[in-house]
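Input: a single structure, listed below in structure tokens.
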Amino acid sequence: MNPYERRTEAVQAALADSDVEALICVPGRSLQYLTGFADEQRERHLFLTVPADGDATFFAPELYESQLRSTTWVRKLRTWGDAGDPVAGLAGLFDDIGISAAPRLLVDDRMWATFTQDLRSVRPEAEFGLAGDVLADLRIRKDEAELEALRAAARAADSAMERVRALGSDAVGMTEAELAARIESFLADAGGDGVSFETIVGSGPHGAMPHHTHGERRIEAGDPVVLDFGTRVDGYASDQTRTVVFDGDPGAQFREVHAVVNEAQATAVDTVEPGVTASAIDEAARSVIENAGYGDAFVHRTGHGVGLDVHEDPYIVGDNDRELQPGMVFSVEPGIYLDGAFGVRIEDLVVVTEGGSERLNQTPRGWEPNPTGE
Ligand code: ZN
Ligand code: ZN
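Numbering (our numbering), first residue to last: 3 to 376.
Right, here's the structure in full:
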């Protein structure tokens, strides 16, 4: 049995223990997880219906039929043509697979409202929940094939980071956007597929805005630059951050802040092992930064799960009491942001292993163009 079919059976096992009649996915990461079919949601109705009991069935536009048959394990497929009425077709499918008049249905968390409205018109008495309530628990622990893809994506990001650092003083005078374009070509050279999120090049004061992406500011000598980027391999994302100074002297406060963030990151990663809670990892990073007097400047959670989605469970945040288990993968990315001056963030992905953790990112975490001794 292929992994996709096995995952779908696990969904059905979870549904069988509940009052849910079916889980319905649209093109996106959850559908990719269950079938391998990787596409975006578009205007035509394309659903995978996974009933608690019975066969998973695609409801799809005719033009997708051969693609779905040749690239997925799902054998049941009901199509509709552009001249037909997809809502009537969907009603027929629900009747055929025995969906009751007032079912409880779990719909893809990211299903467009227009599609949920159509589901409602087919079953006005339905009660809707979120597919993520079942899928998140499956997706949170990665199997060996998923870990291999995540490692490969992390290696591609590491390779790009080494090449960016090697630019040294050549990066001074480049705009953030020019450097971002360079990073994206490095990621592609390393075998990555696109970017897993908009590349962040936060130079000087822009680094103090955690969600600044890149703009027309030119990098100056002495600027700290937050470099946060990732790519995908086989659909799985990478995400890592280094804060570097390409040339010149960044000043004493930056040196101090960078050392604090580096220590917070190392302390949090050292805390990772099975049975420890997500909140304890957040606390490990946060306490180092608070003790150094910068608690108010650490304005976000310590990390997030990474898989097919670049932000998914488990979230490494103070109120998450979830215990870590082997196979979970998440970022550890404390930061300090000094408004109007600079920001520092250091981020690696880690896998929870039986004995502790494995870092997926291996490049030096120092700020110097050619860091040593780490
Ligand atoms: Zn990141
Ligand atoms: Zn991240």
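Glycine residues also receive a C-beta, built at the ideal position from the N, C-alpha and C atoms.
- Where Leu351 falls, given that 16 or more other Cβ within 10 Å makes a residue buried: Buried, by the Cβ-count rule.
- Does the pairing of the segment 326-345 with the segment 158-166 give three or more beta-carbon distances under 8 Å? Verdict: no, contact absent.
- Give me whichever residues DSSP pairs with Lys78 in a beta bridge. Lys78 is bridged to Thr59.
- Query: By the 10 Å Cβ neighbour count, where 16 or more other Cβ atoms means buried, how is Arg367 classified, buried or exposed?
  - Reply: Arg367 counts as buried, since no fewer than 16 other beta carbons sit within 10 angstroms of its beta carbon.
- Message: Is the separation between the beta-carbon of Arg167 and that of Thr365 shorter than 9 Å?
- Response: Between Arg167 and Thr365, the C-beta gap is smaller than 9 Å, which places the two residues in contact.
- Anyone know if the C-beta pair for Ser359 and Asp323 falls short of 9 Å? Contact flag unset, no.
- Jot down the residue ranges of each uninterrupted beta strand (DSSP E) in the segment 155-206, minimum 3 residues, whole runs only, in chain order. Qualifying beta strand (DSSP E) stretches, in chain order: 202-205.
- Is Glu11 helix, strand or coil by DSSP? Glu11 falls in the helix class under three-state DSSP.
- Can you have a look at Thr1 and say buried or exposed, based on whether 16 or more other CB atoms are within 10 angstroms of its CB? For the chain, the structure presents residues 3 to 376; residue 1 sits outside this window and is missing.
- Message: Per DSSP, what are the beta-bridge partners of Glu360 in this structure?
- Response: In the DSSP assignment, the residues bridged to Glu360 are Val353.
- Item | Per DSSP, cross-strand counterpart(s) of Glu258 | Looking at the DSSP output, Glu258 shares a beta bridge with no other residue.
- With a cut-off of 6 Å, give the chain-ordered residues whose Cβ is closer than this to any heavy atom of ligand 2. That gives Asp241, His306, Ser333, Glu335 and Glu349.
- Query: Does the separation of the CB atoms of Gln267 and Ala299 fall below 9 Å?
  - Reply: For Gln267 and Ala299, no; Cβs fall outside 9 Å.
- Message: Pairs of beta-carbons, one from the segment 214-221 and one from the segment 177-184, closer than 8 Å: are there three or more?
- Response: Of all C-beta pairs linking the segment 214-221 to the segment 177-184, three or more are shorter than 8 Å, placing the two stretches in contact.
- Thinking C-beta only, is Gln242 closer than 9 Å to Asp230? Yes, the pair counts as a contact, with Cβ atoms nearer than the cut-off.
- Item | Straight-line gap, Cys27 to Ala128 (C-alpha atoms, nearest Å) | It is roughly 16 Å from the alpha-carbon of Cys27 to the alpha-carbon of Ala128.
- Per DSSP, what kind of secondary structure is Ile283 in: helix, strand or coil? Helix, per DSSP.
- If you compare alpha carbons, which of Val319, Glu325, Val247 and Ala294 is closest to Asn372? Ranking the options by Cα distance to Asn372, first place goes to Val247.
- Compute the Euclidean distance between the alpha carbons of Thr245 and Val312, then round it to the nearest angstrom. Taking the Cα positions, Thr245 is about 20 Å away from Val312.
- Message: On the CB-based measure, 16 or more other CB atoms within 10 Å of its CB, does Gly204 come out buried or exposed?
- Response: Gly204 comes out buried.
- Item | 8 Å CB neighbourhood of Val271 in its chain, flanking five on each side removed | Val334, Asp350, Val352, Ser359 and Arg361.
- Could you tell me if the beta carbon of Gly194 falls within a distance shorter than 8 Å of some heavy atom in ligand 1? Not a single heavy atom of ligand 1 lies less than 8 Å from the C-beta of Gly194.
- Message: Taking the straight line between their C-alpha atoms, what separation do you get for Gly307 and Gly253?
- Response: For Gly307 and Gly253, the distance between alpha carbons rounds to 34 Å.
- For Gln267, name the three-state secondary structure that DSSP assigns. For Gln267, the three-state secondary structure derived from DSSP is helix.
- Task: Report the rounded CA-to-CA distance for Thr273 versus Ala173, giving the unit in angstroms.
- Result: For the pair Thr273 and Ala173, the Cα-to-Cα distance works out to about 36 Å.
- Query: Comparing alpha-carbon positions, which option in Arg77, Ser171, Ile202 and Gly170 lies nearest Ala183?
  - Reply: For Ala183, the closest alpha carbon among the candidates Arg77, Ser171, Ile202 and Gly170 is that of Ile202.
- Item | Of the residues Ser171, Asp315, Gly345 and Phe332, the one placed nearest Ala138, counting alpha carbons only | Of the candidates Ser171, Asp315, Gly345 and Phe332, the one whose C-alpha sits nearest the C-alpha of Ala138 is Asp315.
- Query: Quick one: Cα of Thr279 to Cα of Ile348, how far?
  - Reply: The C-alpha of Thr279 lies about 21 Å from the C-alpha of Ile348.
- Selection from Glu164, Ile318 and Asp321 that minimises the alpha carbon distance to Leu381: Outside the displayed span of the chain (3 to 376) sits residue 381, for which this structure offers no information.
- Query: Is any heavy atom in ligand 3 found nearer than 8 Å to the beta carbon of Phe199?
  - Reply: For the structure depicted, ligand 3 is absent and the ligand set comprises only ligand 1 and ligand 2.
- Item | Ile202 beta carbon near ligand 1 (any heavy atom closer than 8 Å) | With a cut-off of 8 Å, the C-beta of Ile202 is classified as near ligand 1, since at least one heavy atom of the ligand falls inside that distance.
- Item | Segment contact flag, the segment 91-105 with the segment 130-146, C-beta cutoff 8 Å, min 3 pairs | No: the two stretches stay apart, fewer than three of their Cβ pairs being nearer than 8 Å.
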